[in-house]
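Trainee: Questions regarding the structure given below will be posed in turn.
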Amino acid sequence: MHFDGVFSDTLVSRCVRAGSIAVSTGAGVSAESGVATFRDPGGLWSKFRPEELANVDAFLGNPDLVWEWYSWRRSVISSVAPNPGHYALAELETLVADFTLITQNVDNLHRRAGSIHVVELHGNIERSSCTGCGRASAPDEAPPSQRVPHCPCGGLLRPDVVWFGEMLPQDAVREAWDAAERADVFLSVGTSGEVYPAAQLPAVARQGGAYTVEINPRPSAVAHQMHEILEGPSGIILPALVKAIRRQKQCA
Ligand code: BJW
Ligand code: ZN
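Under the working numbering, the first residue of the sequence shown is numbered 1478, with each subsequent residue one higher.
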C-alpha cells in the first residue's frame, strides 16, 4: 500500500530504541537527485546493454566506449546534488549510537550529504584504478575524456567500480555483513534487490533479529524479507521518518 504519511508505532519505537541501525541503499535513493537508476523504465540499462558496458570483458573489448560512458556518468553525477533522502540518512546517523550506511551506489552522494560511516559495496565512480599495476588514481588524475587514459606503467585506467563477475571489496563486504547481523533495525532503500551478494543483506539482518523495512515506490525482489514496506519515494519518506524518530527521542 502506498505510504500515507503515518508510520506505525512499532516502526518508530523500534527505531527510537535501536542501539544499532543499518541502512542499505541502491540507485533509487539518488533518483530524486536526477541520477538515472539501472533497471527502471528509462533507466541506464534501457539505453545501454549492461553486458556491453558493466563487465571487464566489455572494457577490454572496447575500452574507449566503456570509458566514455563512465565519463558521461561522472559528469552527470558531478552536476547534481544530494536530495532530502540523502540528508535524512546523514541526520539519522547522528541520532543512533551504532549506524552503518551500506550502499551499492558509486555516486558518492551519501558522503556529499554528510554521512560518515559509509560502506561502498560496488566502489566509487570518482576514482580510477590501473588494470596493469592496480594503482588507484585520484579523480582529477583521470579527467573526462572519450579515450581511455593510460597509467605511467602503460596499463589502461578503469573506473574503480565493481563489474559483474568481479569480487566485491572484501573489507566492505565484511563490514556490511557485520552491521546487518548486529542491527536492531535494517532499512532497505531504493534497490531492486536483484544484484548479489548485496541482495542477501535483508535476509542476513532478519536472521540476526533486525526489524526489516523497505522504502521503495515498488516492491523489490527482496520485499518478502521485510516486516514493513513503505511504498513511495525515499526523498519524501526518509525525512518524515527521521523527523518522527527525532520527535519521539526528544519526548523520551
Ligand atoms: C526508488 C525511487 C525513489 C526508483 N525512491 N526508490 C545468478 C544468481 C545469483 C547471482 C548471480 C547469478 N549470476 C551471476 C550472479 C552474480 C552477479 C549477480 O548478482 N547477477 C544478478 C543480476 C543475477 N553478481 C556479481 O557478479 C557480483 N559479484 C559477485 O557475485 O562476485 C562473486 C562472483 C565472482 C565471479 C563469478 C561469479 C560470482 C558483482 C555485482 C556488481 C554489480 N555492479 C553494478 C555496476 C556498478 C558500476 C556502475 O555503476 O556502472 O552495480 S550493476 C548495477 O546494479 C550497479 C548497482 O549497484 C546494482 C544494483 O542496482 P540497484 O541499485 O538495485 O538499482 P536498480 O536500478 O536495479 O533499482 C532501483 C530501485 O530504485 C528500483 O527498485 C526502483 O523501484 C527504486 N526507485 N525511484 C526510492 N525515488
Ligand atoms: Zn599502472
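Where a beta carbon is used, it is the ideal one built from N, C-alpha and C, also for glycine.
To which residues does DSSP link ARG1607 through a beta bridge?
Mentor: The question names Arg, yet the displayed sequence has Cys at residue 1607. In DSSP, CYS1607 forms a bridge with LEU1634.
Trainee: Could you tell me whether the segment 1549–1558 touches the segment 1702–1711, using the rule of 3 or more Cβ pairs below 8 Å?
Mentor: No: the two stretches stay apart, fewer than three of their Cβ pairs being nearer than 8 Å.
Trainee: What separation, rounded to the nearest whole angstrom, lies between the Cα atoms of SER1711 and PRO1629?
Mentor: Each residue's Cα considered, the two are about 43 Å apart.
Trainee: Mind reading off the beta-carbon distance from VAL1512 to ASP1575? Whole number of angstroms is fine, and I expect it under 8 Å.
Mentor: About 29 Å; that fails the 8 Å criterion.
Trainee: Could you tell me the distance, in whole angstroms, from the CA atom of ILE1692 to the CA atom of MET1703?
Mentor: Approximately 10 Å, taken between the alpha carbons.
Trainee: So GLU1509 is in the beta strand (DSSP E); what residue range does that whole segment cover?
Mentor: GLU1509 -> no beta strand (DSSP E), and no H or E assigned at all.
Trainee: Would you mind reading off the limits of the beta strand (DSSP E) that contains TYR1673?
Mentor: Counting along the chain, TYR1673 falls outside any beta strand (DSSP E), and DSSP gives it neither H nor E.
Trainee: Please specify which runs of the beta strand (DSSP E), each continuous and at least 3 residues long, are wholly inside the segment 1655–1710, giving them in chain order.
Mentor: Whole beta strand (DSSP E) segments, 3+ residues: 1662–1666, 1688–1692, 1705–1707.
Trainee: Give me the Cα-Cα distance between GLU1597 and GLU1509, rounded to the nearest whole angstrom.
Mentor: Between GLU1597 and GLU1509, the C-alpha separation is close to 20 Å.
Trainee: Just to confirm my understanding: we take HIS1627, look at its own chain, exclude 5 residues before and 5 after, and list those with CB closer than 8 Å. What are they?
Mentor: Cβ neighbours of HIS1627 beyond the five flanking positions: LEU1633, LEU1634.
Trainee: Pick from SER1556, CYS1492, GLY1505: whose alpha carbon is nearest that of SER1697?
Mentor: That would be GLY1505, whose Cα lies nearest to the Cα of SER1697.
Trainee: VAL1638: which of GLU1671, GLY1482, ILE1602 sits nearest, CA to CA?
Mentor: VAL1638 has its Cα closest to that of ILE1602, out of GLU1671, GLY1482, ILE1602.
Trainee: From the DSSP secondary-structure annotation, give me the bridge partner or partners of SER1497.
Mentor: The partner list for SER1497 (beta bridge, DSSP) reads ASP1575.
Trainee: Only counting the same chain, and skipping five residues up and downstream in sequence, which positions put a Cβ closer than 8 Å to that of ARG1491?
Mentor: Excluding residues within five positions, the ones whose Cβ falls inside 8 Å are ASP1661, VAL1662, TYR1688.
Trainee: What residue range is occupied by the uninterrupted alpha helix (DSSP H) comprising VAL1553?
Mentor: Run containing VAL1553: 1540–1555, per the alpha helix (DSSP H) assignment.
Trainee: Return the bridge partner residues of ALA1613 from the DSSP annotation.
Mentor: Its beta-bridge partners are SER1606.
Trainee: Within 8 Å, do at least three Cβ pairs link the segment 1540–1548 to the segment 1641–1655?
Mentor: These segments do not touch.
Trainee: Would you grab the beta carbon distance between HIS1594 and THR1577 for me? Rounded to a whole angstrom, and I think it's under 8 Å.
Mentor: Confirmed, Cβ separation roughly 5 Å.
Trainee: Using alpha carbons as the reference points, say which of ALA1615, ASP1648, VAL1699, PHE1480 lies closest to VAL1681.
Mentor: That would be VAL1699, whose Cα lies nearest to the Cα of VAL1681.
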